[in-house]
Amino acid sequence: MFLALASLGLASCNGGFKQGDGGMLYDIHVDKGGPTIQPGDFISVDLRAKTDADSVLFSTYESGHPVQTMMPKPQFKGDIFTGIEKLAEGDSATIKVSADSMAKRGQQRPQGFKGKYYVYEIKVEKVISKGSLSDQVFQGRVQDFVKVQAAALKKLEPEQIQKYIADNKLNVTQTKDSLDYVIITPGSGPNVAPGDTAVVNYTGRMLNGKVFDTSIKDDAIKGKMQVDPYRQYKPIHIPIGQKRVIPGWDEGLQLLNKGAKAKFIIPSSLAYGERGVSIIGPYTPLEFDLEVVDIIHPNPNAPKAPVMMPPPPQAQVK
Numbered sequence: 100m101f102l103a104l105a106s107l108g109l110a111s112c113n114g115g116f117k118q119g120d121g122g123m124l125y126d127i128h129v130d131k132g133g134p135t136i137q138p139g140d141f142i143s144v145d146l147r148a149k150t151d152a153d154s155v156l157f158s159t160y161e162s163g164h165p166v167q168t169m170m171p172k173p174q175f176k177g178d179i180f181t182g183i184e185k186l187a188e189g190d191s192a193t194i195k196v197s198a199d200s201m202a203k204r205g206q207q208r209p210q211g212f213k214g215k216y217y218v219y220e221i222k223v224e225k226v227i228s229k230g231s232l233s234d235q236v237f238q239g240r241v242q243d244f245v246k247v248q249a250a251a252l253k254k255l256e257p258e259q260i261q262k263y264i265a266d267n268k269l270n271v272t273q274t275k276d277s278l279d280y281v282i283i284t285p286g287s288g289p290n291v292a293p294g295d296t297a298v299v300n301y302t303g304r305m306l307n308g309k310v311f312d313t314s315i316k317d318d319a320i321k322g323k324m325q326v327d328p329y330r331q332y333k334p335i336h337i338p339i340g341q342k343r344v345i346p347g348w349d350e351g352l353q354l355l356n357k358g359a360k361a362k363f364i365i366p367s368s369l370a371y372g373e374r375g376v377s378i379i380g381p382y383t384p385l386e387f388d389l390e391v392v393d394i395i396h397p398n399p400n401a402p403k404a405p406v407m408m409p410p411p412p413q414a415q416v417k
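With our numbering applied, the sequence shown closes on residue 417, and no number is skipped along the way.
What follows is the structure, given as structure tokens:
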């Protein structure tokens with residue numbers, strides 16, 4: 100994910116910026132004077148990327164989870180990592196990378212981007228220097244830091260969910276697995292069942308309201324997402340009971356029938372858990388607005404797949 104951020108940015112004035120290698124510009128706002136980051140160090144950084152119109156394309160401040168990674172070597176002179184090498188723990192800066200330099204290396208500009216630079220606002224939260232440490236000692240320090248951060252997030256999650264429910268005055272029902280849901284519009288007919296395929300429109304948000312995915316183009320635009328020109332914004336087909344989606348969806352959709360609209364508040368235990376995925380960090384609860392557009396029932400007359408017998412156990416060599 101961190102490497103992918105090198106394709107985001109904006110153009111702005113160069114006042115206060117210093118010239119770096121390869122046309123890179125940087126402005127260090129806070130300089131703690133510590134040892135600068137080196138390739139191989141572990142870093143935890145908050146980062147924001149914007150468009151020419153100051154529209155946020157990516158922000159760990161909104162997701163609530165910093166990017167944590169091993170610092171790679173710069174890919175070329177003047178890339179984002181060239182700028183990060185000038186920073187230390189506690190520093191914050193704005194780094195501008197030449198769009199032309201990125202284009203020469205195959206990085207496509209975001210749709211509608213006309214700026215001269217890709218710009219990143221960065222705050223370095225933590226650095227664990229590799230230095231002369233053995234791999235075992237270094238990895239141990241990294242794991243200890245990550246465990247402490249994860250424990251704090253895990254402890255905070257129930258409070259986040261309860262605050263969200265209270266702030267939005269939601270009259271939720273909770274399942275035995277701690278999925279909170281509200282039926283906004285009742286549907287008709289039988290509920291979705293295992294073996295069915297649910298045809299669903301959805302919009303997923305962080306609990307701070309940030310839209311991170313949707314099947315509805317208008318919601319993508321309202322949520323200030325980058326609209327993918329190649330994506331077909333339409334209801335998706337979900338086979339129920341086959342673990343094709345997060346557990347919160349598999350469970351929650353079986354509470355709904357055709358035409359039903361609902362709001363799910365899904366704890367991380369039923370979403371992306373202690374590891375997270377992409378911009379969704381560890382122990383992150385999520386909110387989904389869903390509509391069951393249709394239910395496709397399995398064809399009882401369809402030929403059944405043959406039962407495959409397991410291979411015989413291998414004989415043990417004595």
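Cβ coordinates follow ideal geometry from the N, Cα and C atoms, glycine included.
Being a predicted model, the structure only gives us computed values, none of them experimental.
For residue i, the first and last residue of its enclosing alpha helix (DSSP H)
i, result
"Val245", "Asp234 to Asp266"
"Tyr332", "Unbroken run through Tyr332: none, as it is neither H nor E."
"Gly182", "Ile179 to Ile183"
"Asp96", "What the structure shows of the chain is the stretch from 100 to 417, and residue 96 is not part of that stretch, so it cannot be assessed."
"Ser162", "Thr159 to Ser162"
Element boundaries [beta strand (DSSP E), containing residue i]
i, result
"Tyr217", "Tyr216 to Ile227"
"Met201", "Premise fails: Met201 lies in the alpha helix (DSSP H), Ala198 to Lys203, not in any beta strand (DSSP E)."
"Ala148", "Phe141 to Lys149"
"Ser287", "Ser287 to Asn290"
For residue i: DSSP bridge partner residues
i, result
"Asp276", "None; Asp276 has no bridge partner."
"Arg304", "Val310 and Glu386"
"Met169", "Phe141"
"Asp126", "Thr193"
"Ala187", "None, per the DSSP bridge assignment."
"Thr284", "Lys360"
"Pro338", "Thr296"
"Lys117", "Tyr125"
Cβ-based burial, residue i [other Cβ within 10 Å; buried from 16]
i, result
"Met100", "Residue placement at Met100 is poorly supported in this model, since its pLDDT is 43, which falls under 50; the coordinates still yield a value, given next. Met100 is exposed by the Cβ-count criterion."
"Val247", "exposed"
"His164", "buried"
"Tyr329", "exposed"
"Gln380", "Sequence check: residue 380 is Gly here, not Gln. Buried, since its Cβ has 16 or more Cβ neighbours within 10 Å."
"Pro171", "exposed"
"Leu109", "For Leu109, the pLDDT reaches just 35, beneath the cut-off of 50, and the residue's location in the model is therefore unreliable, although a value from the coordinates is still provided. Leu109 is buried by the Cβ-count criterion."
"Glu373", "exposed"
"Pro399", "exposed"
"Asp276", "exposed"
"Glu258", "exposed"
"Ile394", "buried"
"Ile283", "exposed"
"Ile260", "buried"
"Val129", "exposed"
"Asp190", "buried"
"Leu255", "exposed"
For residue j and residue i, believed in contact at Cβ under 8 Å, the rounded distance
i, j, result
"Lys229", "Asp140", "5 Å"
"Gly340", "Phe363", "Not confirmed; about 17 Å, so no contact."
"Gly177", "Val196", "6 Å"
"Leu354", "Tyr280", "6 Å"
"Thr181", "Asp120", "6 Å"
"Pro334", "Asn300", "5 Å"
"Val241", "Ile221", "That belief does not hold up - the Cβ atoms of Val241 and Ile221 are roughly 20 Å apart, past 8 Å."
Closer than 7 Å: residue i CB and nearest the ligand GTP heavy atom
i, result
"Asp349", "The ligand GTP is not among the ligands present in this structure, which contains no ligands whatsoever."
3-residue-minimum beta strand (DSSP E) runs that sit fully inside the stretch 350-402, ordered along the chain
360-365 and 385-395
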